[in-house]
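Below is one structure, written out as structure tokens; the observations come after it.
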Amino acid sequence: MPKRIYMLLVILTTIFACSKDNDTPPDTTTPISVSFEVIVSQQNTLRVTVNNTSTGISGLNSYWQFTKNGSVVQDEAGPEMHLYDASGEYLITLTVEAPDDDIQVSETVMVIGGDSMHPALKDATDKFSVGMAVQSNRMGGQHGEILVREFNNLTAEYEMKMNIMYPSQGNYDFTAADAIVNYGVANNMDIHGHTLIWHNATPDWVENFTGTDQEFEDMIEDYITTVVTRYAGVVRSWDVVNEAIEDGSNQLRNSVFRTRMGDDYISKCYQFARNADPDVLLFYNDYNITFDEGKQAAIFAIVDGLASQNLIDGVGAQMHIDIYFPSSSQIQSVVDGTVARGLKMHFAELDVRINPSNDISSLTEEREIAQQNKVREVVELYDAIPDANKFAITIWGMRDNETWLIDFWGQPDWPLLYNSNFEAKKAHSGFLEALNN
Ligand code: XIL
């Protein structure tokens, strides 16, 4: 894999403001220290972010020049971005101007931009899409740059769940969901809807529904119909029911949906979704189904029931895994069960913990390599699935510091493909290596 190479030379000067007025002594009491930071984007090395970190310049004007003798740009508060047309060596100048006496101080930085970026994940295969879980406030800036470059499938991490879209009876709120869906459409991405029915994202008013069971069922039908219809033709696939099986006992989870609508609530919900959009792909999604044999059997029993009514198109195996576990043969078992049924396999919610035993407090190279190897193994295994059964691998978050797992487990971890500086990790290389063989 080509290595990204770029260099940053910074020539720093500190210049103190002095007055030109001969009648008064030079004012050395309020020194102006001029400095700035430059970050060359790893995703697009033509993109440079500058941040004026000067001190003592209150009331003075500052200007940027991004090329020698180029046009002058007024400095705004906060970091600013400049995009070059071609790679090369550029002189960036920050000028601080004292209006009273025309004193100018400047500082120069030379940027040598390389153009050897890593290949994009989505370009590494045309057999399945590569998905990312997003939040509506994480689609701009560097998030957006990476999203558009690397991914061709979007899942809302939480904003297309019932507690967000249906906060009170009769009042839908599609603000965030629309923003995510529109973003995906504008950027030619598939949208995976996640998730219509999930016991962990049920609004309180639904948990405590005061009407009859029939009214409850009618309300659920209205909800599924409203949501699926709204995004028909745009959302390509929906997780209809998420995590219906109880841990341990592997029985049907005793959610409000089960108690109100009966043991066949699952097929009712899939039927509502099918009726609302006959073309959308319907998935069942759950966790620990690679290694928990009882749970896997329980899930395939549900899936078989749905398949007999032509109500299911695919199985989502949540890939919340770690560098040690589950084994590739355990992962293979859920693939085999899905392929044998002629369904699409979604490796959903991929994150690979490297600190499951909480024995490290900072990321080590050894663990990063182990993570790279695990990601490569998982993606190789996925790539070997017959093409007709392939669907997508979805990664559950962009940067390590944004993962839901830190809150969930209450301990540090680095489970994703990008570090907190938006830099691709070794795990990212592992993904690509699997598809470049
Ligand atoms: C998690 C999200 O990552 C969090 O942001 C949210 O607060 C709770 O849900 N299984 C699922 C996902 O199906 O929807 C969950 O996502 C993680 C576990």
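If you count by our numbering, then the sequence shown holds residues 2 to 438, one letter each, in order. Here a beta-carbon is modelled for each residue, glycine too, at the ideal position from N, C-alpha and C. Small disclaimer: the values here were computed from a predicted structure and weren't measured.
Residue nearest to residue i in terms of C-alpha spacing, selected from the options
i	options	result
I93	Q136, T126, F37 and F292	F37
V186	M220, Q170 and L148	L148
Y64	I40, R342, V97 and Y167	V97
Q297	S250, L47, D265 and A274	S250
I192	W415, I246, V281 and L84	V281
N480	G141, S34, Y159 and D264	There is simply no residue 480 to check, as the chain begins at 2 and stops at 438 in what is shown.
Y167	E208, E369, L155 and E146	E208
A341	I386, T54 and N374	I386
G317	G295, D293 and L344	L344
G60	E77, D174, I322 and A125	E77
N513	F129, H144 and E90	This structure gives no information on residue 513, because the portion of the chain shown stretches from 2 to 438.
F284	A425, D265, T211 and L307	L307
M163	I40, K128, F258 and I33	F258
T156	Y173, E146, A177 and N172	A177
M1	G295, E294, I303 and R354	Because the chain here runs from 2 to 438, residue 1 falls outside it and cannot be looked at.
E247	F210, A277 and Y288	Y288
Y173	N402, T227, D384 and N153	T227
I322	D337, E158 and A371	A371
E146	S169, K427, D352 and V49	V49
K269	S256, D388, A202 and I225	I225
I33	Q412, T56, R261 and H200	T56
G411	H429, A389, N356 and I181	N356
Residue i burial status per 10 Å Cβ neighbour count (16 or more: buried)
i	result
L433	buried
A299	buried
Y325	exposed
W72	Here the sequence assigns Ser to residue 72, which means Trp is not the residue at that position. The residue is exposed, with fewer than 16 neighbouring Cβ atoms inside 10 Å.
G315	buried
L312	buried
M447	The displayed coordinates of the chain run from 2 to 438. Any statement about residue 447 would go beyond what the structure contains.
L84	exposed
P327	buried
M82	exposed
E244	buried
T339	buried
D408	exposed
Q75	exposed
P279	exposed
T404	buried
E90	exposed
G431	buried
A393	buried
Q215	exposed
S1	Only positions 2 to 438 of the chain appear in this structure, which leaves residue 1 out of reach.
D305	exposed
Q252	exposed
S358	exposed
N437	exposed
N70	exposed
E158	buried
N53	buried
D293	buried
Beta strand (DSSP E) segment containing residue i, residue limits
i	result
H429	Element bounds for H429: not the beta strand (DSSP E) but the alpha helix (DSSP H), K427 to L436.
M82	E81 to L84
H144	Per DSSP, H144 belongs to no beta strand (DSSP E); it is in the alpha helix (DSSP H), G142 to E151.
D179	Careful: D179 lies outside any beta strand (DSSP E), inside the alpha helix (DSSP H) at T176 to A187.
I33	Segment: none, I33 is in no beta strand (DSSP E) and carries neither H nor E.
V235	Neither: V235 is in no beta strand (DSSP E) and is coded neither H nor E.
N209	Note, N209: premise wrong, no beta strand (DSSP E); not H, not E.
M133	S130 to V135
A393	K391 to I396
W65	N62 to Q66
Limits of the unbroken alpha helix (DSSP H) element including residue i
i	result
D280	Segment: none, D280 is in no alpha helix (DSSP H) and carries neither H nor E.
N374	E366 to D384
Y224	D214 to R231
L307	E294 to S309
Q331	S329 to A341
F258	V257 to M262
L406	L406 to W410
I165	M163 to M166
The ligand HEM heavy atom lying under 7 angstroms from the CB of residue i
i	result
Y288	This structure lacks the ligand HEM; the ligands present are the ligand XIL.
Min CB distance residue i to chain C below 8 angstroms
i	result
Q319	The chain inventory of the structure shown lacks chain C, comprising one protein chain alone.
- request: Say whether the segment 346-357 touches the segment 377-391, bearing in mind that this needs 3 or more beta-carbon pairs closer than 8 angstroms, one atom from each stretch.
  value: Cβ pair count under 8 angstroms is three or more, so yes.
field: Touch test, the segment 394-409 against the segment 124-141, Cβ-Cβ under 8 angstroms, three pairs minimum
entry: Using a Cβ-Cβ distance cut-off of 8 angstroms, the segment 394-409 and the segment 124-141 are in contact, since at least three pairs of beta carbons, one from each stretch, lie closer than that value.
task: For the segment 187-207 and the segment 231-240, state whether three or more C-beta atom pairs, one from each stretch, are separated by less than 8 angstroms.
output: Touching, yes, given that three or more Cβ pairs across the two stretches are closer than 8 angstroms.
field: the segment 216-236 / the segment 265-279 touching (three or more Cβ pairs under 8 angstroms)
entry: These segments touch.
query: Does the segment 357-365 come close enough to the segment 333-347 that 3 or more CB-CB pairs lie under 8 angstroms?
result: Cβ pair count under 8 angstroms is below three, so no.
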